[in-house]
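Per the numbering used here, residue 4 is the first one in the sequence shown, and the count goes up by one each step.
The structure under discussion appears below in the form of structure tokens.
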Amino acid sequence: MKFIKKFDVIIIGGGHAGIEAANICSNMNSITLLISNNIELIGELSCNPSIGGIGKSHLVKEIDSLGGIMGICSDESSINFQILNYSKGNAVKSTRVQLDRKIYKDSIINKLKNKKNLFLFQGIIDDIIIEKNIVLGIKTKNNFIFLSKCLIITTGTFFNPLIHIGNYSYISGRLGENLNSKLFEKLKKFGFQYSTLKTGTPPRLDGKSINFLKLKKQFLNSNIQYFSILSDNKIKKKQINCWITNTNFYTYYIIKKNIYQSSLFNGNINSIGPRYCPSIEDKINKFGKKKHKIFLEPEGLNSNEFYPNGISNSLPIEIQIKILRTLNGLENVNITRPGYSIEYNYFIGNHLKHSLESKIISNLFFAGQINGTTGYEEAASQGIIAGINASLKSNNKKKWYPKRYQAYIGVLIDDLIKKKINEPYRIFTTSSEYKLNLREDNVYLRLTEIGRKLKCVKNKQWFLFKKKKKIFKKKIRLLKTNLLTFNNIKNSKINFLFNNIKKKNIYSFFEIINKFKLNYDNFFNIFTNNNFKYKIFENDIKEQIENFCKYYGYYNKQLKNILKINKNKNYKINKNLNYNFIKSLSKEAKIKFNILKPNNLKEALSISGIDFNDILNLFFYIKK
4 MKFIKKFDVI IIGGGHAGIE AANICSNMNS ITLLISNNIE LIGELSCNPS IGGIGKSHLV
64 KEIDSLGGIM GICSDESSIN FQILNYSKGN AVKSTRVQLD RKIYKDSIIN KLKNKKNLFL
124 FQGIIDDIII EKNIVLGIKT KNNFIFLSKC LIITTGTFFN PLIHIGNYSY ISGRLGENLN
184 SKLFEKLKKF GFQYSTLKTG TPPRLDGKSI NFLKLKKQFL NSNIQYFSIL SDNKIKKKQI
244 NCWITNTNFY TYYIIKKNIY QSSLFNGNIN SIGPRYCPSI EDKINKFGKK KHKIFLEPEG
304 LNSNEFYPNG ISNSLPIEIQ IKILRTLNGL ENVNITRPGY SIEYNYFIGN HLKHSLESKI
364 ISNLFFAGQI NGTTGYEEAA SQGIIAGINA SLKSNNKKKW YPKRYQAYIG VLIDDLIKKK
424 INEPYRIFTT SSEYKLNLRE DNVYLRLTEI GRKLKCVKNK QWFLFKKKKK IFKKKIRLLK
484 TNLLTFNNIK NSKINFLFNN IKKKNIYSFF EIINKFKLNY DNFFNIFTNN NFKYKIFEND
544 IKEQIENFCK YYGYYNKQLK NILKINKNKN YKINKNLNYN FIKSLSKEAK IKFNILKPNN
604 LKEALSISGI DFNDILNLFF YIKK
């Protein structure tokens with residue numbers, strides 16, 4: 004007997020992409036079904052127990068500004084905060100947060116369960132119903148038929164996944180989970196181009212067997228920066244330590260001696276993994292260094308398990324234990340789960356529209372690792388855009404997606420579609436040519452009003468945004484209209500600063516922050532005589548105003564460089580050029596340019612992993 008039910012949107016997969024798609028469809032009042040192999044694993048942090056990082060935290064905040072839940076759930080489950088890239092400037096400064104796995108998953112599931120119009124269902128997909136290249140719904144293994152106006156596939160690494168541990172390989176999803184082989188075979192028949200990528204995870208450690216007295220504590224950051232505007236500095240969570248140890252000569256020796264047993268080197272693995280997250284045996288083989296930093300990250304407040312960040316591998320289990328026991332503090336360590344590598348199929352992004360709808364089958368959307376990305380944040384950011392557009396299409400409304408100049412999400416999607424992805428795609432702040440404007444601090448000004456118009460952003464978030472925007476605009480207006488004349492000023496601090504840049508006699512307060520590169524508190528103390536109308540109590544608004552003033556001139560210069568490259572995209576490049584001689588190019592750019600030999604700047608821009616600075620530096624070099 005068949006069971007048939009109709010929905011506006013159906014989402015296959017309960018990972019980070021599926022979660023954001025389901026949440027946003029519900030926000031937009033679409034009747035939504037999220038179907039997962041195992042409802043209990045929705046929101047699982049399958050690899051490292053952290054959210055954020057360089058470029059990634061920008062994605063999380065963009066998701067939040069559009070009404071997503073990754074940010075607020077991360078804040079609610081955070082146990083350790085770190086600020087990365089701090090010395091490189093506020094435009095590229097990024098937040099990384101260690102999470103309690105269980106609290107994060109519970110937070111996700113609770114938010115989804117409380118959504119109106121959202122239904123969760125546990126089942127395995129047996130078929131997609133497609134007629135005349137239009138998707139109509141799905142059929143489950145137990146003969147349930149769910150019809151829908153739009154379907155979003157967010158199956159992660161579950162298309163033909165193959166797990167490798169040493170010489171042993173077997174078909175499986177994440178260790179011990181079901182997979183979606185029938186779904187993949189069905190889509191292949193419609194002409195979707197696909198390839199294979201790999202990722203990996205380290206063994207987990209039993210905290211009871213770690214000697215913490217021999218480990219170095221990682222610095223705890225007291226300046227807590229939340230991902231979500233809804234957190235509003237009210238969440239007070241206990242911070243606990245991460246720990247640091249290092250590989251050494253003995254580690255190096257054991258890996259070198261047994262490297263032939265690694266799946267990466269014994270011929271079992273033929274695909275490419277994330278460039279900036281290599282396995283420990285790959286690091287030893289490529290770089291030859293004996294000392295590599297390993298971070299021991301707690302899995303939660305009440306968990307004894309630790310995640311050793313930096314030592315993922317696909318060596319046999321007995322070798323994994325030997326390697327770990329060479330590390331200071333881990334001489335008697337026991338593992339609770341082995342490390343492994345996993346290969347999986349993904350679909351090449353040239354079949355996608357920028358809305359993440361397929362060009363091949365109407366009303367079918369794809370989001371997450373199935374599109375060739377790596378990382379929770381990259382998956383979630385695709386999920387929210389696919390969800391927005393599936394909901395819009397199910398209501399016969401015009402599609403929307405962020406452009407490159409609006410958001411890192413826009414950069415990511417544009418790169419997936421236009422660039423040749425041959426390795427797992429990871430976002431960086433260098434990925435965007437507009438990075439000076441795509442900062443963490445101004446994300447709500449960039450996207451929240453759009454999210455409100457799309458009905459993604461709820462009332463509480465909208466109220467908080469309007470309040471912060473009002474303060475921001477008022478203070479900027481105040482800074483631009485108040486002038487300071489430097490004649491006969493007796494304040495020695497002002498005179499000292501002014502003498503270093505003296506070009507004119509009158510400056511607005513806005514110009515003073517810009518010229519002197521002052522932080523707001525210094526400006527307030529030196530120039531305002533503690534005038535209360537200039538005082539800002541909210542740290543996030545203070546930082547936003549400071550950055551707006553500081554980057555104002557630089558942003559205009561950045562736009563000129565972008566226009567320069569756009570005008571010269573067809574500028575020819577000598578085929579015999581040796582890119583190793585161009586010192587200003589990144590190592591990755593030199594390798595890829597030497598292999599691919601682009602004919603012009605347009606072709607160079609289409610190569611995955613090449614950032615705008617590389618293109619700009621290449622242009623300046625060849626134009627000499």
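The C-beta atom is built at its ideal place from N, Cα and C for all residues, glycine as well.
Just so you know, these numbers come straight off a predicted model, no measurement behind them.
Between the beta-carbon of residue i and the beta-carbon of residue j, is there less than 7 Å?
i, j, result
"Val95", "Thr432", "yes"
"Ala25", "Gln385", "no"
"Lys108", "Gly18", "no"
"Asp78", "Ser306", "no"
"Arg455", "Trp465", "yes"
"Ile387", "Glu23", "yes"
"Ser344", "His167", "yes"
"Tyr537", "Phe527", "yes"
"Arg429", "Thr377", "yes"
"Leu482", "Phe512", "yes"
"Asn331", "Lys217", "yes"
"Gln628", "Gly169", "In the structure as shown, the chain starts at 4 and stops at 627, and residue 628 therefore has no counterpart that could be examined."
"Leu186", "Ile128", "yes"
"Ile363", "Ile156", "no"
"Ser172", "Asn271", "yes"
"Ile625", "Ala607", "no"
"Cys76", "Ser49", "no"
Classify residue i: buried if its beta carbon has 16 or more other beta carbons within 10 angstroms, exposed otherwise.
i, result
"Phe252", "exposed"
"Lys289", "exposed"
"Arg480", "exposed"
"Phe261", "The identity of residue 261 in the sequence shown is Asn, whereas the question assumes Phe. Buried, by the Cβ-count rule."
"Glu134", "exposed"
"Ile243", "exposed"
"Glu43", "exposed"
"Asn316", "buried"
"Asn569", "exposed"
"Asp524", "exposed"
"Gly74", "buried"
"Asn51", "buried"
"Glu188", "exposed"
"Phe215", "exposed"
"Phe509", "Residue 509 is actually Ile in this sequence, not Phe. With fewer than 16 other Cβ atoms within 10 Å, it is exposed."
"Ile57", "buried"
Could you check the C-alpha separation between residue i and residue j for me, to the nearest Å?
i, j, result
"Lys586", "Tyr555", "29 Å"
"Asn398", "Ile412", "24 Å"
"Gly303", "Asn83", "10 Å"
"Tyr310", "Pro277", "18 Å"
"Asn226", "Lys192", "53 Å"
"Gly612", "Lys8", "44 Å"
"Phe623", "Asn583", "15 Å"
"Arg340", "Asp543", "40 Å"
"Tyr574", "Leu599", "17 Å"
"Trp403", "Ser358", "7 Å"
"Glu65", "Leu355", "21 Å"
"Phe10", "Asn366", "13 Å"
"Lys422", "Asp209", "42 Å"
"Cys245", "Gln221", "5 Å"
"Gly291", "Lys259", "10 Å"
"Ile72", "Leu115", "9 Å"
"Leu333", "Lys325", "10 Å"
"Ile548", "Ile338", "48 Å"
"Lys461", "Ile594", "47 Å"
Within a Cβ cutoff of 8 Å, which residues of the same chain sit near residue i, ignoring the five residues on either side of it in sequence?
i, result
"Asn491", "Any reading at Asn491 needs caution, since the residue's pLDDT is 47, under 50, leaving its predicted position unreliable; the model's value is listed next. Excluding sequence neighbours, Asn491 sits near nothing in its chain."
"Leu439", "Ala94, Tyr554, Tyr557, Tyr558 and Gln561"
"Asn425", "Ser198, Ile275 and Ser611"
What does a CB cutoff of less than 6 Å around residue i pick up in its chain, not counting 5 residues either side in sequence?
i, result
"Cys28", "Val12, Thr35, Gly390 and Ser394"
"Ile297", "Thr248, Pro311, Gly313 and Ile314"
"Asn374", "Gly352 and Leu419"
"Glu380", "Lys59, Leu62 and Val63"
"Arg407", "Gly413, Val414 and Asp417"
Skipping 5 residues on each side, what residues in its chain have a beta carbon closer than 7 Å to that of residue i?
i, result
"Asn145", "Gly126"
"Cys459", "Ile27, Asn30, Met31, Leu69, Gly70 and Ile391"
"Asp103", "Ser80, Ile82, Gly303 and Leu304"
"Ala285", "Per the sequence presented here, residue 285 reads as Asp, with Ala not at that position. Contacts found: Leu267."
Legend entry - Three-pair Cβ contact test at 8 Å for the region 185 to 199 versus the region 346 to 363: Yes: at least three Cβ pairs fall under 8 Å.
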